[in-house]
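Enquirer: I'd like to ask some things about the structure below.
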Amino acid sequence: KNQVEQSPQSLIILEGKNCTLQCNYTVSPFSNLRWYKQDTGRGPVSLTIMTFSENTKSNGRYTATLDADTKQSSLHITASQLSDSASYICVVKRGKLIFGQGTELSVKP
Amino acid sequence: EAQVTQNPRYLITVTGKKLTVTCSQNMNHEYMSWYRQDPGLGLRQIYYSMNVEVTDKGDVPEGYKVSRKEKRNFPLILESPSPNQTSLYFCASSLGRDHYEQYFGPGTRLTVT
Chain A
1475 KNQVEQSPQS LIILEGKNCT LQCNYTVSPF SNLRWYKQDT GRGPVSLTIM TFSENTKSNG
1535 RYTATLDADT KQSSLHITAS QLSDSASYIC VVKRGKLIFG QGTELSVKP
Chain B
2 EAQVTQNPRY LITVTGKKLT VTCSQNMNHE YMSWYRQDPG LGLRQIYYSM NVEVTDKGDV
62 PEGYKVSRKE KRNFPLILES PSPNQTSLYF CASSLGRDHY EQYFGPGTRL TVT
């Protein structure tokens, strides 16, 4: 079983709508949890980084939350844009980085 | 511009023909690493380097070699590529292993026939 599980695997939404991506992890303890955005054919780019003691972090229209009790994190995207179409990867750092498999988001006009 | 560069971006080769993928960063980062990304498996670390002349195995090091003779460069070497090494490869760097921000290169898509 993967230590970092993301859901859904893929998601299609209409431009302007909000969406929430989920990340469940079993890694414990950990030093930080990150969300990356990866455009097709490009390298991942960091969106947010939260330590285990933080429970929310925003970056523009992206807001990440962390619940250390339930071992869950979510990434909420507000007022989606076509450029948000990408893979979103949840990563937990415990010594090394442990990557989730990603959620493929497609924003349609 | 601060960046991580990789070359080549695309490569098609045949089984057994040695190849090198170069990686260079201009941010004076100490920590560099190589990942491969395969559908359904996510990113997996191949090798990493904490500093010049210091390298160590990641999760999937078999069939790969690396070297770190200079701080800015971290080439990935496939001495005898096999089809199961067909993948998308990323180089990344950060100030230190425990530093938050890790910068990824643009990726190298390798096909071994």
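Residue numbers (my numbering), protein chains in the order written: chain A, 1475 to 1583; chain B, 2 to 114. All C-beta atoms, glycine included, are put in the ideal place defined by N, C-alpha and C. Computed from a predicted structure; not experimentally measured.
Return the Cβ separation of Gly41/B and Gln1512/A in integer angstroms, given the expectation that the two are a contact with Cβ distance under 8 Å.
Expert: Taking the first residue of the second sequence as 1, we reach residue 41/B at position 40. Taking the first residue of the first sequence as 1, we reach residue 1512/A at position 38. Between Gln1512/A and Gly41/B the Cβ distance is about 15 Å, and since that is not below 8 Å, they are no contact.
Enquirer: So, does the CB of Glu102/B fall closer than 8 Å to a CB anywhere in chain A?
Expert: Walking along the second sequence from the start, residue 102/B turns up at place 101. Contacts with chain A at 8 Å (Cβ-Cβ) include Glu102/B.
Enquirer: Closest Cβ-Cβ distance between Gly1576/A and chain B: below 8 Å?
Expert: Taking the first residue of the first sequence as 1, we reach residue 1576/A at position 102. Taking Cβ atoms only, chain B reaches closer than 8 Å to Gly1576/A, which makes this a yes.
Enquirer: From the DSSP output, in three-state form, read off Gln86/B for me.
Expert: Residue mapping note: residue 86/B aligns to position 85 of the second sequence, counting from 1. Reduced to three states, the DSSP call for Gln86/B is helix.
Enquirer: Quick one: what's got a C-beta closer than 8 Å to Arg10/B's C-beta in the same chain, skipping five residues either side?
Expert: In the second sequence, counting from the first residue as 1, residue 10/B sits at position 9. Cβ neighbours of Arg10/B beyond the five flanking positions: Pro107, Gly108, Thr109, Arg110.
Enquirer: Hey, does Leu1482/A have any beta-carbon neighbour from chain B nearer than 8 Å?
Expert: Here residue 1482/A refers to the residue found at position 8 when the first sequence is read from its first residue. Reading off the sequence shown, one finds Pro at residue 1482/A, where the question assumed Leu. So no, Pro1482/A is outside the interface.
Enquirer: So, with DSSP's three-state summary, where would you put Asp1558/A?
Expert: If you number the first sequence from 1, residue 1558/A lands on position 84. Helix at Asp1558/A.
Enquirer: For the candidate residues Ser1547/A, Ser1481/A, Ser1554/A, whose alpha-carbon lies nearest to that of Arg1508/A?
Expert: Your numbering for residue 1508/A matches position 34 in the first sequence. Among Ser1547/A, Ser1481/A, Ser1554/A, the Cα nearest to that of Arg1508/A is on Ser1547/A.
Enquirer: Would Ile1551/A and Asn1476/A qualify as a contact pair, given that the criterion is a beta-carbon distance under 8 Å?
Expert: Position 77 of the first sequence, counting from 1, holds the residue named residue 1551/A. Position 2 of the first sequence, counting from 1, holds the residue named residue 1476/A. No.
Enquirer: Please tell me whether Phe75/B and Pro1518/A are closer than 8 Å, where the distance is taken between their beta carbons.
Expert: Here the question's residue 75/B lines up with position 74 in the second sequence. Here the question's residue 1518/A lines up with position 44 in the first sequence. No; because the gap between Cβ atoms is not below 8 Å, this pair is not in contact.
Enquirer: Could I get the ranges of all uninterrupted beta strand (DSSP E) runs contained in the stretch 1502-1550 of chain A, with 3 residues as the minimum, in chain order?
Expert: 1506-1512, 1519-1525, 1530-1533, 1536-1541
Enquirer: If I follow the unbroken beta strand (DSSP E) through Lys58/B, where does it start and stop?
Expert: In the second sequence, the residue the question calls residue 58/B occupies position 57. Residues 55-58.
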